[in-house]
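Working notes, structure below.
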């Protein structure tokens, strides 16, 4: 169980950094960085190393070209696992040429594609994880982008890429007001499934405890049996009125056959 | 004590009957369900006709079944379905009386079964199929084929059964299966080819090849297993593996060039080779192939599609004695009277087959020649097994058991088909449903139903039954009436949608239409293709389901097949009319088939469903190839996405449409695609073992789920979700092969349009195999927990948070909600998942879920258990909202208190006492009646039933007594009139007073 704890602590290691390509806007956006505070016990400074891997992008069906760099610290744990922390991202801005291609993408509602190496330690060679989005989803004020990088150790499983919020359908053609990227990145690793609880004993214990606590608040007699009491009351009332009526009829001398007999018997 | 026990049992009975279950009463069995037993394609057959009494044949099949069939009717006396890995290598019968030591095993079947890495020898008692003994023959190698030598048909202590397997020769006592001795032949490069034991001899000859170029013969004493002599001789050249033993001291081998037959004789001291060029036997030479039938002193060789018979002379000289045209099936030789040996051959001529039985020594003597009319849809004859019997006039009669290309099994005798079994149905690969024709005006329902008097009589009988007044005869009559209840098996659509067709595609490439009413085969058709003789079927799709033209157009199904077993071999499309079973058209599509994607919601004006077929080059092809379909497709061109799973590399790729591949080919229905996303699982830590999507035609009734505290949860209902399960590569093996620390199971939910991972959960210390079911917004999966040493079931439900604000009624009234806004996959999903795990006490073969017409009825999981039964488990048991102590409100809502394991209630086995042997899949289909769903399970057996997961709340049961209702109404009306008349009278008399 002790071995599992580090996974737990890192399971939602969120580092959201946003860096714009112009330094003044960098200030505006603010590089908010949330480093987990619970790490201190486990961090092992000597096993840290820095890694860098590049983001590449492609417009429609064009070839991929570099678009930014991720840098992070790679932690090696004593049990052999590796995790990335402190992810930073620096985005290259669009060149004029790229702006034009991107405008074309917007016109044609085409795909803007990005890719990352699937292994951050040995970036070239292996497979790439690709993600793409309709270009029209990106422009807001600037160009909003949101990366969710799913990690498994030092491997990138997948990257989700898209705008920060909703992307309305049908997508409207809209040019961004500012040609600057507003990037958000999240690093995600796998969540641990909770262990299936075994509670045979607890149930027994729980039942005992229940015996003390559980007895449901005793409801009043009326609350329990009102549905029977009301009709009963009605019947009784009915009978009473009838009886009184009968008495009147008797005195009046007008009665039905059966009542005659009854009265006869009573007489 | 006994009293207490009895009381306890009584209590159990009461308690179990109190649990609400969906079980049947005894007399309801067979009313809505049917069960068919099969054995599969026959590999070996041994006749047992020597004794008087029941004549039977013992068969072993490719579905790993050993069965005893009645030769008169073809019924199964007994059968044993072995595991999927326990292939049977041979069956034989040893007859004889037991003398002293054994008790009661006069007739025993020996079945030699080879399991995956250990071989087993089993003996069964012939009359009742009980296992007499079982011997495990441990073996070192497991890739080696197993040769078996059956006993020389004596059941005696002095004889032993010789089995060669896994590099060892074993001698096993037939009485108790005791291993008498074993001899190691596992020397490197040595391959045992034949084990021969001449009759009345105590010497066993083991012939093998060393490095395929040296023949070695060991002589072994059959009593002790000692090697008496060993001889070897090098062969100038190499042997191919094909060998035929023609007599006790000679074998004929084909050399590696496949042009020379080598006769090896080895009894008289020395081994001698004698080479014969095939071209010297027959003019047109080519690659030769030795056919399998065992004929004495003769062998059959296939050269250039011709079958030639070669006689082996005493000196090893070969001469050709006969040649036959192609498509001839032959049996092994069979000793008939007076030391003569006969064999049978079957060949086709038009719609007839000709069965010929000839003597091996004298091919001109024809013992039997028969012609039998044969159904075209059975294909060619694949195998023949013959058996002789003595006719009343003391001449020889023959019966032949033939296996056809569609795997069916037929018994021919006296020029007629005595019985046939559709064994193709034991290997169903894909199933779809189809509607029956609408009732046309010509047939009136009233005519088919009984007359009014009969109808009333029936109901009065039923009334008696329900009032417990019926005599035993009446009960029988009622049961009979129920069984053949009106129009249960009619070939027209009914109001409730209970009558349907299940279209099943079998491994042999044959389509069967089964009626849900009684399970009979309505039609069957063997697929043909212009390109190749017999395409193998891959999958089955609903091609055309007419609604608007239901009266005048027939629905059809699309069968996708391919020529050859390789995935790059060209595909074949075949369209089959569902009503008649006729193949409307069949086309060779000229490209390979990797993936077939029915496009949801897209149908053309004739209601043909549009399909995309992806090939190995990454292109997709649109079907049907009509301009109209192209128009429809191009309208939605931008919104078509597809994905493929590369299981070996651990990569899932998503694709979007790019353009027409007009640049490369002139085909305007071909499109190129581009890669939009990839998910790469690291090969060192994860391996894909299971992927699953929702059923495309599933209906979800409501998007919202209202919980007890008046809160609304919105289901995340997306058709583009893919469930993926991966395990660590180490944990991909069998359960228990790894330690909990080494194995982890990770499950994912991936959006297939954008490649986003919506949910990712890892189970440490867990292992596959994963069986999962995906419906609406939930996935239930079953796996093994190594830490707890138990199977577990986990449920994951996904809810949409972006719609969570739409709770305010006023917002809904004023239209300020986003419920009608189109949903785009490119929006960032705001969703959350709930999940819960439970232990499950059984191993599972497959899981399915019930589906109903409108999706209102609550769902049941249908779990195919390891015992080949189907368990119906209410979805409420796998609900992540279960808590240990549900509040009163939650209880009222139907939330069950949380337990750590899922209950198995014996009454909820929908297969009741039956077993669907070799269960492989469960298919559900909605009936028109909302409460009811069709369930069809297939394996070696077939099983069908109708289920009502929430009981039939929308219809009266079949038992409902209309007569009682009528009588009550009549009586009431009569009572009203009588009392009215009485009161009138009284009033009148009162007035007169």
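Protein chains in written order, with the UniProt record's numbering: chain A, 1 to 267; chain B, 1 to 993. Note that beta-carbon positions come from the ideal geometry of N, C-alpha and C, so glycine has one too. Quick caveat, the model's predicted, so the values are computed rather than measured.
Item	Value
Option in 319(B), 329(B) and 335(B) with minimal Cα separation from residue 354(B)	329(B)
Exposure of residue 79(A), with buried meaning 16 or more beta-carbon neighbours within 10 Å	exposed
Interface residues of the region 667-700 of chain B facing chain A [CB-CB below 8 Å]	674, 675, 676, 677, 678, 679, 680, 681, 682, 685 and 686
C-beta neighbour in chain E for residue 822(B), strict 9 Å	Annotation note: the requested chain E is absent from the structure, which comprises protein chains A and B.
Within 8 Å of chain B by C-beta, residues of the region 127-148 of chain A in sequence order	127, 128, 129, 130, 131, 132, 133, 134, 137, 146 and 148
Beta-carbon proximity of residue 176(A) to residue 116(A), cut-off 9 Å	no
Proximal residues to residue 408(B) (C-beta, below 7 Å), its chain only, five neighbours per side dropped	378, 420, 421, 422, 423 and 424
CB contact flag (residue 852(B), residue 949(B), <9 Å)	yes
Under 9 Å from the C-beta of residue 231(A): neighbouring residues of chain B	Going along chain B, no residue has its Cβ under 9 Å from residue 231(A), so there is no contact; the nearest lies around 24 Å.
Environment of residue 590(B) [buried if 16+ CB atoms lie within 10 Å]	exposed
Buried versus exposed call for residue 997(B) [16 or more other C-beta atoms within 10 Å across all chains shown]	This structure cannot settle anything about residue 997(B), because the visible part of chain B is limited to 1 through 993.
Coil, strand or helix - residue 850(B) by DSSP	coil
Environment of residue 237(A) [buried if 16+ CB atoms lie within 10 Å]	exposed
Neighbour flag for residue 219(A) against chain B, beta carbons, 9 Å	no
Cβ of residue 15(B) within 9 Å of any chain A Cβ	Low per-residue confidence applies at residue 15(B): pLDDT is 40, beneath 50, and the placement is therefore not dependable, though the value from the model is reported in the following sentence. No, no contact with chain A.
Reduced DSSP secondary structure (H/G/I, E/B, other) of residue 110(A)	coil
Chain-ordered chain B contacts of residue 158(A) [CB-CB under 7 Å]	679, 755 and 757
Proximal residues to residue 455(B) (C-beta, below 6 Å), its chain only, five neighbours per side dropped	none
Residue 175(A) - containing alpha helix (DSSP H), residue span	Segment: none, residue 175(A) is in no alpha helix (DSSP H) and carries neither H nor E.
Nearest to residue 160(A) (by Cα), restricted to the options 150(A), 169(A), 121(A) and 89(A)	150(A)
Cβ pair count under 8 Å reaching 3, the region 838-856 of chain B against the region 911-928 of chain B	yes
Buried/exposed call for residue 980(B), threshold 16 Cβ in 10 Å	exposed
CB contact check: residue 941(B) to chain A, cutoff 9 Å	no
Buried or exposed (CB count within 10 angstroms, at least 16 for buried), residue 894(B)	exposed
Under 7 Å from the C-beta of residue 763(B): neighbouring residues of chain A	193
Residue 349(B) vs residue 415(B) beta-carbon contact at 9 Å	no
Own chain partners of residue 164(A) with C-beta closer than 7 Å, once the 5 adjacent residues on each side are dropped	144, 146 and 184
9 Å Cβ cutoff, residue 168(A) in contact with chain B	yes
Beta bridge counterpart(s) of residue 832(B) as assigned by DSSP	799(B)
Three-state secondary structure (DSSP) of residue 977(B)	helix
9 Å Cβ cutoff, residue 799(B) in contact with chain A	no
Cβ-based neighbour list, residue 740(B), same chain, cut-off 7 Å, excluding 5 preceding and 5 following	765, 786 and 787
DSSP state of residue 586(B) mapped onto helix, strand, coil	strand
Min CB distance residue 767(B) to chain A below 9 Å	no
Residue 278(B), enclosing alpha helix (DSSP H) - first and last residue	278-281
C-beta atoms of residue 575(B) and residue 557(B) nearer than 9 Å	yes
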